[in-house]
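If you count the sequence shown from 1, position 130 lands on 130 in the UniProt record's numbering, and the numbers rise without skipping. Ideal Cβ positions, reconstructed from N, Cα and C, are used throughout, including at glycine.
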Amino acid sequence: MSIDELIKCEILMRTTRFTVAVKINGKETLAYLGNSGRLSQFLKPGSTGYLTKMNRGNARKLSYRLVGIKDKGYAAIVDTKMHEEVFAVLVDRDLLPWLQGFRIVKRYPRVDGRVLDYLLVSRGRYILVEIKSAVLRLPGDVAGYPDAPTPRGRQHLKLLADIASKHSYESLVVFICALPSVKKFQLYCDEDKEIDAIARHAQEKGVKFKAIGIYLDPYRKKVVLDNPDAPVDLECYKLH
């Protein structure tokens, strides 16, 4: 997936939940941050960031969107909208071996009063998909989720477990490991003590869990598919 225009910047500080102060060619401005996680590893003063231009007339009246931050010679992708867009492209191009033949038939499907990310279909099989962003780098080149308490994430897992046990649709959680050189995905429970029990319950009810490794190559202005089927570990990662 190519990016038409990528603008290099310097990270100054996070100003609100969804805005970051940056410097472009010596000029300070605000950029939109499409990620509610902490991102404390990346949003450090002096870090190199990468922006895309936002459409004029956007509700936030900001000119730029922060999509990447330098990491291991390339860049982590911190923008959750880009994670979703990349997933859609990978499905459309049949680049995920475990979803070959599937196509997206609905964006933001509503089930039992709640909204998920995608509804996919292939030869009469329907899969409801929820995308989760894993941009927490853990020792051993592991991508972790979540990096902050996630009531919304827990609600989605409970909903998917309910769908898997009561409805004809299949349920799938896809972790987007948006970091260079990731070997696997693993749950990080230090920030959310309930997430592993809820994930295991969902798995027992039939919810599938998959992970994709991607990163941003700012030199070629491309999103690189590093691993279309990264290993998933639903046990809590132990730092010590």
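Nearest residue (CA-CA) to residue i, options the options
| i | options | result |
| --- | --- | --- |
| Ala202 | Lys132, Ala161, Ile3 and Met54 | Ala161 |
| Pro231 | Gly213, Lys238, Tyr219 and Leu51 | Gly213 |
| Leu119 | Asp112, Lys158 and Arg107 | Arg107 |
| Ile198 | Gln155, Phe18 and Leu239 | Gln155 |
| Asp229 | Leu30, Asp112, Arg14 and Asp94 | Asp94 |
| Leu172 | Glu194, Lys166, Thr48 and Ala211 | Ala211 |
| Leu33 | Leu128, Met82 and Gly26 | Met82 |
| Val91 | Leu225, Leu239 and Lys238 | Leu225 |
| Tyr169 | Ile127, Thr16 and Leu159 | Ile127 |
| Ser47 | Leu62, Ser36 and Val22 | Val22 |
| Leu116 | Ser165, Ile131 and Arg123 | Ile131 |
| Leu96 | Lys238, Asn227 and Leu239 | Asn227 |
Continuous beta strand (DSSP E) stretch holding residue i: start and end
| i | result |
| --- | --- |
| Gln186 | Lys184 to Leu187 |
| Asp141 | From DSSP, Asp141 is part of no beta strand (DSSP E); its letter is neither H nor E. |
| Arg65 | Tyr64 to Asp71 |
| Leu33 | Lys27 to Leu33 |
| Tyr74 | Tyr74 to Ile77 |
Residues bridged to residue i [DSSP beta-bridge criterion]
| i | result |
| --- | --- |
| Cys9 | Gly49 |
| Lys222 | Ser2 and Asp217 |
| Val115 | Arg110 |
| Asn227 | Gly213 |
| Val173 | Glu130 and Phe209 |
| Arg125 | Ser122 |
| Leu136 | Gly144 |
| Thr19 | Thr16 and Tyr32 |
| Arg38 | DSSP lists no partner for Arg38. |
Host alpha helix (DSSP H) of residue i (start-end)
| i | result |
| --- | --- |
| Leu159 | Pro151 to Lys166 |
| Asp94 | Counting along the chain, Asp94 falls outside any alpha helix (DSSP H), and DSSP gives it neither H nor E. |
| Glu204 | Ile195 to Glu204 |
Same chain, Cβ closer than 8 Å to residue i, five either side skipped, listed in chain order
| i | result |
| --- | --- |
| Glu1 | It should be pointed out that residue 1 corresponds to Met in this sequence rather than to Glu. Glu85, Val86, Val89, Lys222 and Val223. |
Contacting residues, own chain, Cβ-Cβ under 6 Å from residue i (five flanking each side not counted)
| i | result |
| --- | --- |
| Cys236 | Leu187, Cys189 and Asp196 |
| Ile24 | Cys9 |
| Val105 | Leu119 and Val121 |
| Ser181 | Lys72 and Asp141 |
| Thr150 | Asp192 |
| Phe209 | Val173 and Val232 |
| Ile77 | Gly68, Ala178 and Leu216 |
Distance cut-off 7 Å: residue i Cβ against heavy atoms of the ligand GTP
| i | result |
| --- | --- |
| His83 | This structure lacks the ligand GTP, and indeed carries no ligand of any kind. |
Cβ shell of residue i (< 7 Å), same chain only, five flanking positions each side left out
| i | result |
| --- | --- |
| Arg152 | none |
| Glu5 | Thr52 and Lys53 |
| Leu234 | Leu187, Asp196, Ala199, Arg200, Gln203 and Phe209 |
On the three-pair Cβ rule with 8 Å, is the region 172-187 touching the region 141-150?
The region 172-187 and the region 141-150 touch, with no fewer than 3 CB-CB distances between them shorter than 8 Å.
Do the region 174-182 and the region 126-145 touch if we need at least three Cβ pairs shorter than 8 Å?
yes
Measuring CB atoms only, is the region 66-77 touching the region 96-109, in the sense that at least three cross pairs come out at less than 8 Å?
no
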